[in-house]
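Read top to bottom, the protein sequences are chains E and V. Okay, so the first sequence: first residue is 171 according to this note's numbering, each after it adds one. Okay, so the second sequence: first residue is 171 according to this note's numbering, each after it adds one. Down below is the structure, laid out as C-alpha cells.
Number of protein chains: 2
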Amino acid sequence: MADRREAVIDLLGALAYGELTAFERMATDSRMAPTVTDKAELARMAAAEFAHYEALVRHLKERVGVDPEVAMAPFVEVIDRFHDVTQPNDWLEGLIKAYVGDSLAADFYREVAALLDDETSAIVVEVLSDTGHAEFVVERVRAAIALDPPLAGRLALWARRLVGEALSQAQHVAAQRDALVDLLAGSTGPMGLAEVMGMFNRLTDRHSERIAALGLSG
Amino acid sequence: MADRREAVIDLLGALAYGELTAFERMATDSRMAPTVTDKAELARMAAAEFAHYEALVRHLKERVGVDPEVAMAPFVEVIDRFHDVTQPNDWLEGLIKAYVGDSLAADFYREVAALLDDETSAIVVEVLSDTGHAEFVVERVRAAIALDPPLAGRLALWARRLVGEALSQAQHVAAQRDALVDLLAGSTGPMGLAEVMGMFNRLTDRHSERIAALGLSG
C-alpha cells in the first residue's frame, strides 16, 4: 500500500507540474498570435491549466497530505526538457502543441484514473473535465491550411515530433519511478503487458483522429 | 458626449490590453523562478490579470457595445513596446516589474475612475480590487537584498527605468488620443493642469513608498 500511495503522489505530482508548465508555455506562445482575439483564446486555455494546477496542489496538500513541491520535484527536469526541445517556431506550431499536448495528457490520465481509488480518480477527472477550450485550434489550423495547403506536411511532422518527444520523456520517467510502473503494469497491478499495450494503442488512435481533424496528412 | 464615450473606450481598451499583456509577460517571466512555489506565485498573479481582462472584454461588449479588439487596437503597439524594452534579465527584475507595473497601473486607474460615470468607474474599481497577489514580491525582494546588499542599487535603477519607460509610452498615448487627454485635462474636463500635476505627484509618491518597502535605495 505504501507503493500505491507513492504511485498516486507521482501521478498527481506529474500532472500538477505538467499543468503549471502548460500554463507558462501557452501564455508565452500566445505572444505569437496574429490578433488580440487569438492571443486571448490561447491565454484562456493557459488560465484553465493554472486553475487545474491550483486544484491539484490543494488536493495534494489537504487530502493526500504531501508537500506539492516534493510531489512535483521528480518531474521538473523531464517536463522542462520536453518543453525546451519542443519550442514552437510560430503561432500554428504553438496552437498544435497546446492542442495535442493537452489532449494526449487528458487521454492518458483518464485511462489511468480508472485504476485509482475513487477520491484520486475524482480529482483527476474533475481537473480534466474543464478542458475543451482547445476547439478553436481546430478551426484556426484548418483555415491556415486551406490558405496554404503545403503547410499540412510541415505541421504533420511537427505533431509527430511532439508525440515522439513526449514518449521519449515518458520512458525516462518509467525508468526511474518503480512504484508508478508497478501501479500500471506490475505483477500486483491491474494491468498486464497486454493491457498497457492496449492503452498505448488507444492513445495513439485518438491522437491520429485528432491529427486528421486538424487536416494534417498524418 | 461623443468625445467622452471615446475617452471611456480608450481607457477600458488600454486597461484590457494592459491586463492581457501583463498576463502573458508575467507567465513568461515565471520561467525564471528559483522554485516551483515561486513560479506558481507569479503564475497566480498572471492568472488574476487574465480574469481582469475577461471582465473588461465582457463589459466592453455587453455594456459599452464596442468590439474589444477595436477598443484595444490603438494601444497594442505602445504597450508591446513598453514590454519589449523592459524585459527582465532575471527573476528579481521580473518580480519588481510585476509589482511596480501592477501597482502603478492600479493607482492610475483608481485616480481616473473618480472622473468617470458610475458604471465605468464600478468596473474599473472591481477589476482592480482583485490585486494584492503581489505582496509575496516584497518579501522575496527584501530577502534577496538581505543576502546580497549591493543588489539594492541595481534593482533600484531597474525600478526607475520601468517608471521612465512607462511615462515615455504614456506620452506617446497622450500625443495621439485627444479625447482621452480632454477627459483628463481638457477645458471641459474636470481637471485643470494643476490637478493633473497633483495626480502625477500622488502616483510618484506612492511609487516611492513601494520602492522603499522593497528595501531599494530609491
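Heads up, the beta-carbon is just placed ideally off N, CA and C, and yes, glycines get one too.
* Starting from Q339(V) and walking both ways along the alpha helix (DSSP H), at which residues does that stretch end? -> By one-based count along the second sequence, residue 339(V) stands at place 169. It spans 321-346 - the alpha helix (DSSP H) in which Q339(V) sits, taken as one unbroken run.
* Using the C-alpha atoms, what's the distance from L317(E) back to V255(V)? -> Here the question's residue 255(V) lines up with position 85 in the second sequence. Here the question's residue 317(E) lines up with position 147 in the first sequence. Going by the C-alpha atoms only, they are around 34 angstroms apart.
* Do you know whose CA, among V297(E), T374(E), A283(E), lies nearest S291(E)'s CA? -> Along the first sequence, one-based indexing puts residue 291(E) at 121. S291(E) has its Cα closest to that of A283(E), out of V297(E), T374(E), A283(E).
* For E296(V), which option in I179(V), L226(V), V311(V), L373(V) has the closest C-alpha, if you only look at C-alpha atoms? -> As a first step, residue 296(V) must be located in the second sequence, where it is residue number 126. The candidate whose alpha carbon is nearest that of E296(V) is L226(V).
* Limits of the unbroken alpha helix (DSSP H) element including S200(E) -> In the first sequence, residue 200(E) corresponds to position 30, counting from 1. Here S200(E) belongs to no alpha helix (DSSP H), and DSSP marks it neither H nor E.
* To do: Measure the C-alpha to C-alpha separation of L337(V) and R233(E) and round it to an integer number of angstroms.
  => Indexing the second sequence from 1 puts residue 337(V) at position 167. Indexing the first sequence from 1 puts residue 233(E) at position 63. Here the alpha carbons of R233(E) and L337(V) stand approximately 48 angstroms from one another.
* Per-residue DSSP class, three states only, for V236(E) -> One-based indexing of the first sequence puts residue 236(E) at position 66. Reduced to three states, the DSSP call for V236(E) is coil.
* **Run of the alpha helix (DSSP H) containing A207(E), from where it starts to where it stops** => As a working note, residue 207(E) is residue 37 in the first sequence. Going by the sequence as given, residue 207(E) is Thr instead of Ala. Start and end: 206-229.
* **Interface positions of the segment 207-237 of chain V facing chain E (Cβ-Cβ less than 8 angstroms), listed along the chain** => Of all residues in the segment 207-237 of chain V, T207, K209, A210, A213, R214, A216, A217, F220, A221, Y223, E224, V227 have a Cβ within less than 8 angstroms of some Cβ in chain E.
* If I'm right that Y269(V) touches V307(V) with Cβ under 8 angstroms, what's the distance once you round it to whole angstroms? => As a working mapping, residue 269(V) is identified with position 99 in the second sequence. As a working mapping, residue 307(V) is identified with position 137 in the second sequence. At roughly 4 angstroms, the Cβ-Cβ gap stays under 8 angstroms, so Y269(V) and V307(V) are in contact.
* Neighbour flag for F252(E) against chain V, beta carbons, 8 angstroms -> Within the first sequence, residue 252(E) is the residue found at index 82, counting from 1. Residue-level contact by beta carbon fails for F252(E) and chain V, as no gap is shorter than 8 angstroms.
* **Rounded Cβ spacing between L373(V) and D277(V) (contact assumed at less than 8 angstroms)** => Start at 1 with the first residue of the second sequence, and residue 373(V) comes out as number 203. Start at 1 with the first residue of the second sequence, and residue 277(V) comes out as number 107. That pair is a contact at about 5 angstroms.
* To do: Kindly examine the ligand ADP and report whether one of its heavy atoms sits closer than 7 angstroms to the Cβ of E239(V).
  => Among the ligands in the structure shown, none appear at all, so the ligand ADP cannot be discussed.
* What separation, rounded to the nearest whole angstrom, lies between the Cα atoms of A314(E) and L321(E)? -> For the purposes of this step, residue 314(E) is taken as residue 144 along the first sequence, with counting starting at 1. For the purposes of this step, residue 321(E) is taken as residue 151 along the first sequence, with counting starting at 1. Roughly 8 angstroms separates the two Cα atoms.
* Can you tell me whether D375(E) is buried or exposed, with buried defined as 16 or more other CB within 10 angstroms of its CB? -> The residue given as residue 375(E) occupies position 205 in the first sequence. It is exposed - the Cβ of D375(E) has fewer than 16 other Cβ atoms within 10 Å.
* Using a cut-off of 7 angstroms between C-beta atoms, extract the partners of F193(E) located in chain V. => For the purposes of this step, residue 193(E) is identified with residue 23 of the first sequence, where counting begins at 1. Contact note: F193(E) reaches chain V through A197, A213, using a C-beta cutoff of 7 angstroms and chain order.
* A241(E) by DSSP, collapsed to three states: which one? -> Numbered from its first residue, the first sequence carries residue 241(E) at position 71. Secondary structure of A241(E) (DSSP, three-state): helix.
* Please go through the same chain and pick out, in chain order, the residues whose beta-carbon is closer than 7 angstroms to the beta-carbon of G388(V), but skip the five residues on each side of it. => Locating residue 388(V) in the second sequence gives position 218, counting from the first residue. Since pLDDT at G388(V) reaches only 46, below the 50 mark, its modelled position is unreliable, and the value read off the structure follows with that caveat. Here the set comprises A326, S378, I381, A382.
* To do: Using a Cβ cut-off of 8 angstroms (strictly closer), state whether M202(E) contacts chain V.
  => Residue 202(E) sits at position 32 when you count from the first residue of the first sequence. Answer no: the Cβ-Cβ gap between M202(E) and chain V never drops below 8 angstroms.
* Asked: Alpha carbon to alpha carbon, how far is E122(E) from H342(V)?
  -> Outside the shown range of chain E, which is 171 to 388, sits residue 122(E), and nothing can be said about it.
* To the nearest angstrom, report how far apart A275(V) and A304(E) are at their CA atoms. => Numbered from 1 along the second sequence, position 105 holds the residue referred to as residue 275(V). Numbered from 1 along the first sequence, position 134 holds the residue referred to as residue 304(E). A275(V) and A304(E) have their alpha carbons spaced roughly 31 angstroms apart.
* Asked: Does the beta carbon of V255(E) come closer than 8 angstroms to any beta carbon on chain V?
  -> Counted from its first residue, the first sequence places residue 255(E) at position 85. No Cβ of chain V is located within less than 8 angstroms of the beta carbon of V255(E).
* Asked: Does DSSP put D277(E) in a helix, a strand or coil?
  -> As a position in the first sequence, residue 277(E) is number 107, starting the count at 1. DSSP places D277(E) in helix when its eight states are reduced to three.
* Asked: So D318(V) is in the alpha helix (DSSP H); what residue range does that whole segment cover?
  -> In the second sequence, the residue the question calls residue 318(V) occupies position 148. Here D318(V) belongs to no alpha helix (DSSP H), and DSSP marks it neither H nor E.
* Asked: Hey, N186(E) and A221(E): beta-carbon distance below 8 angstroms or not?
  -> Locating residue 186(E) in the first sequence gives position 16, where the first residue counts as 1. Locating residue 221(E) in the first sequence gives position 51, where the first residue counts as 1. Reading the sequence as shown, one finds Ala at residue 186(E) and not Asn. Going by C-beta atoms, A186(E) is not nearer than 8 angstroms to A221(E).
* For N259(V), the nearest candidate out of G334(V), R324(V), R280(V) (CA to CA) -> On the second sequence, residue 259(V) is found 89 positions in, with the first residue counted as 1. R324(V) is the residue among G334(V), R324(V), R280(V) whose C-alpha sits nearest the C-alpha of N259(V).
* **CA-to-CA distance, R175(V) to R330(V), given in whole angstroms** => Reading the second sequence from its first residue, position 160 is the one you call residue 330(V). Reading the second sequence from its first residue, position 5 is the one you call residue 175(V). Straight-line Cα distance between these residues: approximately 34 angstroms.
* L353(V): which of D287(V), A192(V), E224(V) sits nearest, CA to CA? -> Reading the second sequence from its first residue, position 183 is the one you call residue 353(V). Nearest option by C-alpha distance: D287(V).
* Proximity below 8 angstroms, CB of A177(E) to CB of A345(E) -> Numbered from 1 along the first sequence, position 7 holds the residue referred to as residue 177(E). Numbered from 1 along the first sequence, position 175 holds the residue referred to as residue 345(E). No; because the gap between Cβ atoms is not below 8 angstroms, this pair is not in contact.
* Asked: Alpha carbon to alpha carbon, what distance is there between E309(V) and L384(V)?
  -> Translated into positions along the second sequence, residue 384(V) becomes position 214. Translated into positions along the second sequence, residue 309(V) becomes position 139. Their Cα atoms are separated by approximately 8 angstroms.
* With distances taken Cα to Cα, identify the nearest neighbour of R119(V) among G334(V), L265(V), P244(V). => Given a span of 171 to 388 for chain V in the structure shown, any question on residue 119(V) remains unanswerable.
* Please go through the same chain and pick out, in chain order, the residues whose beta-carbon is closer than 7 angstroms to the beta-carbon of M171(V), but skip the five residues on each side of it. => Residue numbering aside, residue 171(V) sits at position 1 when the second sequence is read from its first letter. Residue placement at M171(V) is poorly supported in this model, since its pLDDT is 49, which falls under 50; the coordinates are not used for a value here.
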